[in-house]
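Inspection log for the structure reproduced underneath, given as structure tokens.
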Amino acid sequence: MTDSKYFTTTKKGEIFELKAELNSDKKEKKKEAVKKVIASMTVGKDVSALFPDVVNCMQTDNLELKKLVYLYLMNYAKSQPDMAIMAVNTFVKDCEDPNPLIRALAVRTMGCIRVDKITEYLCEPLRKCLKDEDPYVRKTAAVCVAKLHDINAQLVEDQGFLDTLKDLISDSNPMSINKLLTALNECTEWGQIFILDCLANYMPKDDREAQSICERVTPRLSHANSAVVLSAVKVLMKFMEMLSKDLDYYATLLKKLAPPLVTLLSAEPELQYVALRNINLIVQKRPEILKHEMKVFFVKYNDPIYVKLEKLDIMIRLASQANIAQVLAELKEYATEVDVDFVRKAVRAIGRCAIKVEQSAERCVSTLLDLIQTKVNYVVQEAIVVIKDIFRKYPNKYESVIATLCENLDSLDEPEARAAMIWIVGEYAERIDNADELLESFLEGFHDESTQVQLQLLTAIVKLFLKKPTETQELVQQVLSLATQDSDNPDLRDRGYIYWRLLSTDPVAAKEVVLAEKPLISEETDLIEPTLLDELICYIGTLASVYHKPPNAFVEGGRGVVHKSLPPRTASSESTESPETAPAGAPAGDQPDVIPAQGDLLGDLLNLDLGPPVSGPPLAASSVQMGAVDLLGGGLDSLMGDESEGIGDSNFGAPSASVAAAPAPARLGAPISSGLSDLFDLTSGVGTLSGSYVAPKAVWLPAMKAKGLEISGTFTRQAGSISMDLQLTNKALQVMTDFAIQFNRNSFGLAPAAPLQVHVPLSPNQTVEISLPLNTVGSVLKMEPLNNLQVAVKNNIDVFYFSTLYPLHVLFVEDGKMDRQMFLATWKDIANENEAQFQIRDCPLNTEAASNKLQSSNIFTVAKRNVEGQDMLYQSLKLTNGIWVLAELRIQPGNPSFTLSLKCRAPEVSQHVYQAYETILKN
Numbered sequence: 001m002t003d004s005k006y007f008t009t010t011k012k013g014e015i016f017e018l019k020a021e022l023n024s025d026k027k028e029k030k031k032e033a034v035k036k037v038i039a040s041m042t043v044g045k046d047v048s049a050l051f052p053d054v055v056n057c058m059q060t061d062n063l064e065l066k067k068l069v070y071l072y073l074m075n076y077a078k079s080q081p082d083m084a085i086m087a088v089n090t091f092v093k094d095c096e097d098p099n100p101l102i103r104a105l106a107v108r109t110m111g112c113i114r115v116d117k118i119t120e121y122l123c124e125p126l127r128k129c130l131k132d133e134d135p136y137v138r139k140t141a142a143v144c145v146a147k148l149h150d151i152n153a154q155l156v157e158d159q160g161f162l163d164t165l166k167d168l169i170s171d172s173n174p175m176s177i178n179k180l181l182t183a184l185n186e187c188t189e190w191g192q193i194f195i196l197d198c199l200a201n202y203m204p205k206d207d208r209e210a211q212s213i214c215e216r217v218t219p220r221l222s223h224a225n226s227a228v229v230l231s232a233v234k235v236l237m238k239f240m241e242m243l244s245k246d247l248d249y250y251a252t253l254l255k256k257l258a259p260p261l262v263t264l265l266s267a268e269p270e271l272q273y274v275a276l277r278n279i280n281l282i283v284q285k286r287p288e289i290l291k292h293e294m295k296v297f298f299v300k301y302n303d304p305i306y307v308k309l310e311k312l313d314i315m316i317r318l319a320s321q322a323n324i325a326q327v328l329a330e331l332k333e334y335a336t337e338v339d340v341d342f343v344r345k346a347v348r349a350i351g352r353c354a355i356k357v358e359q360s361a362e363r364c365v366s367t368l369l370d371l372i373q374t375k376v377n378y379v380v381q382e383a384i385v386v387i388k389d390i391f392r393k394y395p396n397k398y399e400s401v402i403a404t405l406c407e408n409l410d411s412l413d414e415p416e417a418r419a420a421m422i423w424i425v426g427e428y429a430e431r432i433d434n435a436d437e438l439l440e441s442f443l444e445g446f447h448d449e450s451t452q453v454q455l456q457l458l459t460a461i462v463k464l465f466l467k468k469p470t471e472t473q474e475l476v477q478q479v480l481s482l483a484t485q486d487s488d489n490p491d492l493r494d495r496g497y498i499y500w501r502l503l504s505t506d507p508v509a510a511k512e513v514v515l516a517e518k519p520l521i522s523e524e525t526d527l528i529e530p531t532l533l534d535e536l537i538c539y540i541g542t543l544a545s546v547y548h549k550p551p552n553a554f555v556e557g558g559r560g561v562v563h564k565s566l567p568p569r570t571a572s573s574e575s576t577e578s579p580e581t582a583p584a585g586a587p588a589g590d591q592p593d594v595i596p597a598q599g600d601l602l603g604d605l606l607n608l609d610l611g612p613p614v615s616g617p618p619l620a621a622s623s624v625q626m627g628a629v630d631l632l633g634g635g636l637d638s639l640m641g642d643e644s645e646g647i648g649d650s651n652f653g654a655p656s657a658s659v660a661a662a663p664a665p666a667r668l669g670a671p672i673s674s675g676l677s678d679l680f681d682l683t684s685g686v687g688t689l690s691g692s693y694v695a696p697k698a699v700w701l702p703a704m705k706a707k708g709l710e711i712s713g714t715f716t717r718q719a720g721s722i723s724m725d726l727q728l729t730n731k732a733l734q735v736m737t738d739f740a741i742q743f744n745r746n747s748f749g750l751a752p753a754a755p756l757q758v759h760v761p762l763s764p765n766q767t768v769e770i771s772l773p774l775n776t777v778g779s780v781l782k783m784e785p786l787n788n789l790q791v792a793v794k795n796n797i798d799v800f801y802f803s804t805l806y807p808l809h810v811l812f813v814e815d816g817k818m819d820r821q822m823f824l825a826t827w828k829d830i831a832n833e834n835e836a837q838f839q840i841r842d843c844p845l846n847t848e849a850a851s852n853k854l855q856s857s858n859i860f861t862v863a864k865r866n867v868e869g870q871d872m873l874y875q876s877l878k879l880t881n882g883i884w885v886l887a888e889l890r891i892q893p894g895n896p897s898f899t900l901s902l903k904c905r906a907p908e909v910s911q912h913v914y915q916a917y918e919t920i921l922k923n
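For the sequence shown, the UniProt record's numbering assigns the number 1 to the initial residue and increments by one for each residue that follows.
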């Protein structure tokens, strides 16, 4: 029977009966009575006399009954204000009920009781509900504030409710996410794109919510508009990070992602290109999505060249042992096309396949030899370039093809191909009977060759000499003379001098350096760096995904661009965590190495590029000036002493094969001290092992910014090892576990050398101290300032980010003591504009104490002089990336101000070296 029965009764004495029923002990009878009261109230009967009896029914767990009582209260509170106060305690109690629906119901009813007398009693429960953990309760409380403002605006302002509402504007309310997901089905395609972009910026609280969103976004993959499809792919790619790979849904999602991406490739060429650029990123992140779709990337005869090249790139990324035969047959076909650029790329692709899939290497080499037999010039040249890489990947395996390569020597006219062929001849000189003749044929036109070929030829002939010293003396003298005397190229000249000095001082060391075993080349050298790839995945369907650059690289100003990254993997999926999300320094499994871009900062800053000493008499006192001070002052030359010997007096290799007759190059000059061997004997400059200055720990990440985790720390260098000494304090109310740490790319490649080891869970109010070993083999990127380090620390609660400045002296290495003569030559060779002068004030140390203190931090005194009562310390130090810094420290006894002059080929480090001097001397 329906509730209509409550509206049909017309009995007399009804109020009395209802009163008795409302006070009944039976819950069902009481609920029936309240329903009858509400029915009477609805049809206009006055049932206000029952107010106390109805209010007594509020004390119930039954949600339906509570709703009916609240409805009665809203209707009669205005006419019975004194009685309504009786209900306040129940409101306050209901606002703290475990059920969010009851909390919301209580706060909604409070807003509807428009009685001045009780509004002040409702402020405290309302304040609690505005900060409630449930978004539905917060939303209802916000509406209640608006109603309260209508009754008493002054009260709302005094209680600070307006400020609380402002905070709610930035509330990450999941209700809005649900509304967005619902709206996806109702709005236009452009509306859908905007909604999907908003969803991509949302961070789900756990993997269940991530899966729920993915399920509701998946239908967008079948949309006709390619922009909607790519936006949906972006959301799914981002949220898949939070899903465990063991889930059935994860495998289902991978299958669902492939068809829409394949469909995009049937559009116009321009759209195809955009789709391919995005697919290129997706394949690098998750190749398993398209591993069975190789055929759709096969090139069509009428594809534009930009589509062809992009398809080729993706084919190589998807190549595996399962499909390599199919791929190679296709690539061989492409190599007979008429488009020269495409053919070159196809031949190079065959080489990349050989390097990537080891089982296919033999088949790839065979295919390349077939292509060489075609005698098409540009095909032959590209084939030789890639065979060189195959030799690097698989040494001593395919050298039988060298004879075939040598037959095509005369047809090589491109620098890269000539350099590759020269490398092969030099590397395998002992297997090629006429290697000296082949290299001599290249030497005839040495000055007409490109720098790439000249450098390769120089190295190849030195390799040949070290393998066959008695037969190739004249050849090596000839090439060294051409490189050092007749060349204007500083790179070539410097390499020539290095080889000349190596061979003249220690042929055994020369053999170890030049013929050292080379590291195998990585599978793919053109993968996007993992952190950048993660960021680009967040920009799928935008220009950033087409350029393969983050927006701040091409958006002018870049102020409005927010740095994005993929969410951290959940605890449930950590067992299958990909290498790029593992803590820095942890082994990356079988992830291919990524070679950083050439322009990445200090790697290019002349790692100890010592120019040759200048021949002739010492410079006059006035020849080099720095401000008003004569830094060389007629005295620096005396640091050399009188030791000198000519290079020509040494033997190159076997006693019978003397090169004494070879004239020393003119630029080399006569005086070369025995100190030159220091270049290759790194033990001679090692100072005493004592700890460098350690700064006291500072708070890097305050607890209020990291949900209760406080991180303090400092950097140390002991016995050649760099450490980050951390102190982790748990100021939260929950246990912290699963710690990991990762560094962003930085100026000197600092990276953790091991995972962050917190062996026991960190309990509330507990502190643990950890020493994290560091190395300097990480990715390099110039930071501002230079010693800025950006760090991410993860635990079971969240991922936290902070940045700190590391003192440069932890990067000063133990072999930073330069030979006196080398110091003088290098000081003269570095341009005057690279010199900087600083004042160190309030330093009470004497010369001896200052020298000892600096030496303990690997700043070595090369020489010491006294000029007109001033002590002059000439010092050298070397950074971990090979940059040398030369210094002159002038100390006036009794004067607490020191003058520091620094010279360096990378002047941007001078300011930080000065700060290191000041820190060490004053502490």
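Glycine is no exception: its CB is placed at the ideal position from the N, C-alpha and C atoms. Please read all numbers here as calculations on a predicted model, not as lab measurements.
In the DSSP assignment, F898 falls within the beta strand (DSSP E) that extends over F898 to C904. Of the residues assessed, Q284 falls on the buried side of the cut-off, its CB having 16 or more other CB atoms within 10 angstroms. Note on P893: under 16 other CB atoms within 10 angstroms of its CB, so exposed under the neighbour-count rule. When the beta-carbon positions are compared, Q272 and L281 stay at least 9 Å from each other. Judged by DSSP in its simplified three-state form, Y547 adopts helix. S857 sits close to I920, with the two beta carbons spaced by under 9 Å. A residue is called buried when at least 16 other Cβ atoms come within 10 angstroms of its Cβ; W190 does not meet this threshold and is exposed.
Taking C-alpha positions only, A483 is separated from L439 by approximately 15 Å.
The beta carbons of L155 and C123 sit closer together than 9 Å.
Among the bridge pairs identified by DSSP, T861 is matched with Q875. As summarised for the segment 9–43, the continuous alpha helix (DSSP H) elements at least 4 residues long and confined to that stretch are 14–22 and 27–42, given in chain order.
If the five residues before and after A346 are omitted, its C-beta is found closer than 6 Å to the C-beta atoms of L331, Y334 and A335, all from its own chain and listed in chain order.
Leaving aside the five residues that flank F838 on each side, the residues in its chain whose CB is nearer than 7 Å to its CB run, in chain order, L900 and Y914. Closest in alpha carbon position to A403, among S692, T459 and Y428, is Y428. Residue range N788 to K794 is occupied by the beta strand (DSSP E) that includes K794.
Ranking N152, L162, D163 and R220 by CA distance to the CA of T182 puts R220 first. A check of alpha carbon separations from H292 across D436, A322 and P761 identifies A322 as the nearest. If the five residues before and after Y539 are omitted, its C-beta is found closer than 6 Å to the C-beta atoms of S545, all from its own chain and listed in chain order. The Cβ atoms of N787 and H912 sit closer than 9 Å to each other.
Counting only the Cα atoms, V909 lies some 28 Å from N866. Spatial neighbours of S712 in its own chain (CB-CB distance under 6 Å, excluding positions within 5 residues in sequence) are listed in chain order as K697, V699 and Q727. Comparing C-alpha distances from L180 to each of C198, T188, D167 and L168 shows the shortest one belongs to C198.
DSSP, reduced to helix, strand and coil, places N396 outside both helices and strands of the structure shown, so it counts as coil. The alpha helix (DSSP H) runs of length 4 or more contained entirely in the segment 426–488 are, from start to end of the chain, 435–443, 451–467 and 473–484. Of the residues assessed, H447 falls on the exposed side of the cut-off, its CB having fewer than 16 other CB atoms within 10 angstroms. Straight across, the Cα-Cα distance linking K511 with D436 is about 18 Å.
Counting along the chain, Y801 sits inside the beta strand (DSSP E) bounded by residues V799 to L805. Secondary structure of R890 (DSSP, three-state): strand.
Nearest C-alpha to V862 among D829, R127, K817 and K245: K817. By the neighbour-count criterion, in which 16 or more other beta carbons inside 10 Å mark a residue as buried, L733 falls on the exposed side. Distance between G749 and K128, taken at the CA atoms: about 49 Å. For the 9 Å CB-CB criterion, R114 and V137 do not form a contact.
Relative to T90, the option among T804, K78, E157 and P125 whose CA is nearest is P125. Only buried fits H809, as 16 or more other CB atoms lie within 10 angstroms of its CB. Residue pairing by DSSP places L811 opposite no residue, since no beta bridge is assigned to it.
In the three-state DSSP reduction, F823 falls in the helix class (H, G or I).
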